[in-house]
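In what follows, a single structure is set out as structure tokens and then discussed.
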Amino acid sequence: MSEQRSEISALGEFGLIDRLAEPFKIQHPDTVKGIGDDAAVIRCGDHLSLLSTDMLLEGVHFDLRYVPLQHLGYKAIAVNVSDIAAMNGKPGQVVVGLGISNRFSVEAVEELYAGIKAACQHYGVDLVGGDTTSSAVGLVLSIAVRGTVDSDKIAFRSGASANDILCVTGDLGAAYMGLQVLEREKEVFLSNPGTQPDLEKYSYLVGRQLKPEARMDIVHELEELKVVPTAMIDVSDGLASELLHIGRNSRCGVKIFEDKVPIDHQTFETAVEFKIDPITAALNGGEDYELLFTIKPADFEKLKNHADIHFIGHLHTAMDQNVMITKAGNTVALTAQGWNHFS
Ligand code: ADP
Ligand code: MG
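In my numbering, the protein residues as written are 5 to 347.
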């Protein structure tokens with residue numbers, strides 16, 4: 005250990021991962037892709053195995069004062085499956101690491117597992133193991149997922165080239181605005197416990213925050229339409245951050261158009277109510293778990309009428325130019341705020 009002390013916040017999450025990963029070299033020829041994509045890729049006979057893990061911590065990722073345990077269990081599986089979807093793969097098995105204290109009753113843990121079961125059924129995933137331990141710092145859920153993909157269908161973050169079209173599914177910013185609503189209602193409730201929150205008006209947003217879905221439906225539809233994305237990532241940190249990942253890994257610049265970024269009307273109206281620019285919520289709000297992918301221009305015909313796929317821009321050769329053309333026609337630089345857990 006050197007005497008020097010560097011702050012994690014100075015590196016940020018991705019800088020820290022890069023620094024930790026640097027000394028590790030791949031030793032097995034079967035390890036096709038290690039650190040740096042949504043899932044690790046391991047050759048397994050004539051197909052590829054995918055492996056990914058995501059952890060949810062009480063007080064960091066969720067607040068049990070407004071997150072029902074069943075929803076939490078469901079979400080923990082969905083966000084893991086989402087990383088398999090992001091490789092254009094299909095999930096197979098999960099293992100669940102659980103840290104709990106005696107603050108939780110057996111019934112409470114069963115409730116959590118009812119959500120895990122619902123998600124396992126929904127995504128056709130087997131729960132095949134895990135680990136249970138006591139936790140002194142709140143509830144911890146650490147899940148790993150295994151999936152598979154044919155080697156001619158895999159979508160890395162790095163596979164796109166200039167002129168490929170940037171596509172995003174669903175709509176963006178809703179989960180972030182749902183979180184803002186829940187946080188506000190929590191404050192209101194804490195200062196006046198007699199009040200009941202009226203979340204009806206925000207039901208779509210709250211649902212997107214509490215019960216996100218992995219877009220496995222899109223993975224299946226792309227297969228039916230015979231489209232293999234040239235690159236893909238799931239939107240967990242925010243669209244801007246994911247765009248920059250695809251750009252940097254594919255050694256291209258990205259260009260998107262503000263008016264093409266899909267934003268639900270409830271997200272739009274609620275953002276305005278919270279004095280947040282709706283496009284900021286869409287670009288930098290996290291946890292949408294939509295898929296951001298690129299296609300060859302030749303595949304556009306096959307997808308152009310899809311109701312839930314939006315074409316937001318394209319890649320170009322100038323690697324360091326990542327821009328958005330605003331509704332007013334101005335060019336602004338895309339920067340990733342994402343989620344910096346260490347700031
Ligand atoms: P995602 O948002 O898709 O889950 P992350 O941004 O969390 O991906 O991680 C990016 C890459 O870094 C992934 O390949 C992940 O496996 C890897 N990674 C994250 N944390 C660590 C760690 N502590 N040690 C080694 N690899 C890590
Ligand atoms: Mg991911």
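Glycine included, every Cβ here is placed at the ideal spot set by N, Cα and C. As the structure is a computational prediction, the values presented were derived from the model and not from experiment.
Next item on the list: Look at V141 and P266 and say whether their C-beta atoms are less than 8 angstroms apart.
Entry: Pairing V141 with P266 gives a Cβ-Cβ distance that is not under 8 angstroms.
Margin query: Would the segment 148-163 count as touching the segment 113-125 if we require 3 or more Cβ pairs under 8 angstroms?
Written below: No, because fewer than three Cβ pairs between the segment 148-163 and the segment 113-125 fall closer than 8 angstroms, the two stretches do not touch.
Next item on the list: Please indicate yes or no: does the CB of D237 lie closer than 7 angstroms to some heavy atom of ligand 2?
Entry: Looking at the sequence shown, residue 237 is not Asp but Ile. Correct: I237 has its Cβ closer than 7 angstroms to ligand 2.
Margin query: Let me check you understand the geometry: is the CB of S240 closer than 7 angstroms to at least one non-hydrogen atom of ligand 1?
Written below: Yes, Cβ of S240 sits closer than 7 angstroms to a heavy atom of ligand 1.
Notebook entry, point to check: In the structure shown, what three-state DSSP assignment does H51 receive?
Noted result: H51: strand per DSSP, three-state reduction.
Next item on the list: May I have the straight-line CA-CA distance separating F66 from M59, to the nearest angstrom?
Entry: For F66 and M59, the distance between alpha carbons rounds to 11 angstroms.
Next item on the list: Could you tell me whether any non-hydrogen atom of ligand 1 is closer than 7 angstroms to the CB of G40?
Entry: Set against 7 angstroms, the gap from the CB of G40 to the closest heavy atom of ligand 1 is smaller.
Checklist line | Segment contact flag, the segment 194-211 with the segment 287-306, C-beta cutoff 8 angstroms, min 3 pairs | finding: With a cut-off of 8 angstroms, the segment 287-306 and the segment 194-211 do not count as touching, because too few Cβ pairs lie within range.
Next item on the list: Taking N167 as the reference, give the member of D268, C256, L307 and D130 with the closest Cα.
Entry: Closest by alpha carbon: C256.
Checklist line | Collapsed DSSP secondary structure at Q97 in the structure displayed | finding: Shown here, Q97 sits in a strand according to DSSP, grouped into three states.
Check: So which of Q8, Y70, R9 and R23 has the shortest CA-CA distance to Q213?
Finding: The shortest C-alpha to C-alpha distance from Q213 to any of Q8, Y70, R9 and R23 is the one to Y70.
Next item on the list: Kindly confirm or deny that the segment 43-53 and the segment 78-97 touch, where touching means at least three C-beta pairs closer than 8 angstroms.
Entry: Yes: the two stretches touch, three or more of their Cβ pairs being nearer than 8 angstroms.
Note to self: Classify Q8: buried if its beta carbon has 16 or more other beta carbons within 10 angstroms, exposed otherwise.
What the structure shows: A residue is called buried when at least 16 other Cβ atoms come within 10 angstroms of its Cβ; Q8 does not meet this threshold and is exposed.
Notebook entry, point to check: So who's on the other strand from C171, going by DSSP bridges?
Noted result: DSSP links C171 through a beta bridge to F297 and F315.
Item checked: Closest by C-alpha distance to E26, when choosing among G38, G174 and E277 -> Checked all of G38, G174 and E277; the closest Cα to E26 is G38.
Margin query: So within the segment 116-198, which uninterrupted beta strand (DSSP E) runs reach at least 3 residues, ignoring any that extend past its ends?
Written below: Within the segment 116-198, the complete beta strand (DSSP E) runs of at least 3 residues are 130-138, 144-154 and 169-173.
Notebook entry, point to check: Expressed to the nearest angstrom, what Euclidean distance is found between the alpha-carbon atoms of V327 and P72?
Noted result: In a straight line, the C-alpha of V327 is about 39 angstroms away from that of P72.
Next item on the list: State yes or no: is the C-beta of A244 nearer than 7 angstroms to some heavy atom of ligand 1?
Entry: Checking the Cβ of A244 against ligand 1 gives no.
Next item on the list: Give a single yes or no on whether A332 has its beta carbon closer than 7 angstroms to a heavy atom of ligand 2.
Entry: Answer for A332: no, Cβ out of range of ligand 2.
Next item on the list: Please indicate yes or no: does the CB of A90 lie closer than 7 angstroms to some heavy atom of ligand 2?
Entry: Remark: the C-beta of A90 is in contact range of ligand 2, defined as less than 7 angstroms to any heavy atom.
Item checked: Supposed close pair L307, L186 - CB separation, criterion 8 angstroms -> With 8 angstroms as the limit, L307 and L186 do not qualify as a contact, their Cβ atoms being about 34 angstroms apart.
Notebook entry, point to check: Using the C-alpha atoms, what's the distance from K259 back to G333?
Noted result: Each residue's alpha carbon lies about 13 angstroms from the other.
Check: Which of the three DSSP states, helix, strand or coil, is assigned to H65?
Finding: Three-state result, H65: coil.
Margin query: Just checking D292 against ligand 3 - is the residue's beta carbon closer than 7 angstroms to any of the ligand's heavy atoms?
Written below: You won't find ligand 3 in this model; what it holds is ligand 1 and ligand 2.
Notebook entry, point to check: Any heavy atom of ligand 2 within a distance shorter than 7 angstroms of the CB on D87?
Noted result: Yes, since a heavy atom of ligand 2 falls inside the 7 angstroms radius drawn around the Cβ of D87.
Margin query: Whether or not the segment 283-300 and the segment 175-183 are in contact is what I'm after, with contact meaning three or more pairs of Cβ atoms, one per stretch, closer than 8 angstroms; do they touch?
Written below: Short answer: they touch.
Checklist line | Nearest neighbour of A148, chosen from V210, V99 and G317 [CA to CA] | finding: Among V210, V99 and G317, the Cα nearest to that of A148 is on V99.
Next item on the list: Can you tell me which of G128, K264, Q125 and S139 puts its alpha carbon nearest to the alpha carbon of R107?
Entry: The shortest Cα separation from R107 among G128, K264, Q125 and S139 belongs to S139.
Next item on the list: Reducing DSSP to helix, strand and coil, say where L1 ends up.
Entry: No answer is possible for residue 1: the residues shown for the chain start at 5 and end at 347.
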